[in-house]
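Trainee:
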Amino acid sequence: MNIKLIIAALLISLLSFAMQWWQPDLLYVRGAVNQGEWWRILSGQLVHTNWPHFELNISSLLIFALLFYNSVNIRTFTISLFLLALGVGLSIHYLEPRIHWYAGLSGAIYGLYLVGAYSSYQRNDVFIAISVAALVIGKATFEHFYGQIHSNAELINARVVTEAHLYGIVGAIVLCGTDKLYRLINPKLKVEE
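Under this note's numbering, read the sequence shown as residues 64 to 256, first letter to last.
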């Protein structure tokens, strides 16, 4: 068992819990970022609109750690989560001018699940890889064509920013594609434990 992955997910959960007490100062607010509070691009993803929103995102993160403890190492997890959160935050800021504020980790989590699916596929766990990829892409496709699930919006007291989910998926495709290209260039590189 990859205990480091589970510990890292728990530490991120605790950090997010602590940050929730300063949520107004940490959530992504476009005007504040434009005035130099650039940290909100990342910190906004570790705070949530309310406690049910926190519980949804953190339970997803912990389920990820339990589901992929055999296939995702700590380095892949931390680098991927950081780059996905940064990518989602920058994409919202530069590509979605109508979004004035944002909170939550779900965009990065969507991408993280695809990174987990890719890592599982590399270790020949094809069932988990295809199942997870199909669920994540299927849910995002449903949201894109049919809109957000309204009960989720009611639960978190805000519109679900489904655009963030798409940016997380795109970020994961870039990360996994980059890894695949790197492995093609360096064929002796082995999959890390």
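From the three backbone atoms N, C-alpha and C, an ideal C-beta is built for every residue, glycine too.
Keep in mind that this is a model prediction, so the values were computed, not measured.
1) Restricting to Cα atoms, I'd like to know which of TYR132, LEU153, ILE232 and ILE142 is closest to ASN97.
2) With a floor of 3 residues, list each beta strand (DSSP E) that falls wholly inside the region 112-196, ordered by position along the chain.
3) Apply the 10 Å Cβ neighbour rule to ARG138 and answer buried if 16 or more other Cβ atoms are within range, or exposed otherwise.
4) According to the Cβ coordinates, are GLY170 and TYR230 closer than 8 Å?
5) Let me check understanding here. Comparing Cα to Cα, which of ILE104, ALA71, VAL233 and LEU244 lies closest to ILE162?
6) Can you have a look at LEU78 and say buried or exposed, based on whether 16 or more other CB atoms are within 10 angstroms of its CB?
7) Three or more C-beta pairs under 8 Å: does that hold for the region 199-210 against the region 140-149?
8) Pick out whichever of VAL189, TYR157 and GLY174 has its Cα sitting closest to the Cα of ALA148.
9) From ILE191, GLU217 and HIS228, pick the residue whose C-alpha is nearest to that of HIS207; which is it?
10) Our contact map puts TYR165 next to GLY107 with C-beta atoms below 8 Å; I'd like the distance itself, whole angstroms only.
Mentor: To lay it out plainly:
1) For the purposes of this step, residue 97 is identified with residue 34 of the sequence shown, where counting begins at 1. Closest by alpha carbon: LEU153.
2) Counting whole runs of 3 or more residues, the region 112-196 contains no beta strand (DSSP E) stretch at all.
3) Stepping through the sequence shown from its first residue, residue 138 is reached at position 75. Per the 10 Å Cβ criterion, exposed.
4) Numbered from its first residue, the sequence shown carries residue 170 at position 107. Numbered from its first residue, the sequence shown carries residue 230 at position 167. Taking 8 Å as the Cβ cut-off, GLY170 and TYR230 qualify as a contacting pair.
5) Here residue 162 is taken as the residue at index 99 of the sequence shown, counted from 1. Closest by C-alpha distance to ILE162, out of ILE104, ALA71, VAL233 and LEU244, is ILE104.
6) Sequence index remark: in the sequence shown, residue 78 carries index 15 (1-based). Burial call: exposed.
7) Taking 8 Å as the limit for Cβ pairs, the verdict is that the region 140-149 does not touch the region 199-210.
8) Here residue 148 is taken as the residue at index 85 of the sequence shown, counted from 1. Sorting VAL189, TYR157 and GLY174 by C-alpha distance to the C-alpha of ALA148 places GLY174 at the top.
9) Taking the first residue of the sequence shown as position 1, residue 207 is located at position 144. With respect to the C-alpha of HIS207, the residue from ILE191, GLU217 and HIS228 having the closest C-alpha is HIS228.
10) To locate residue 165, count along the sequence shown from 1; it is residue 102. To locate residue 107, count along the sequence shown from 1; it is residue 44. Right, their Cβ atoms sit about 5 Å apart.
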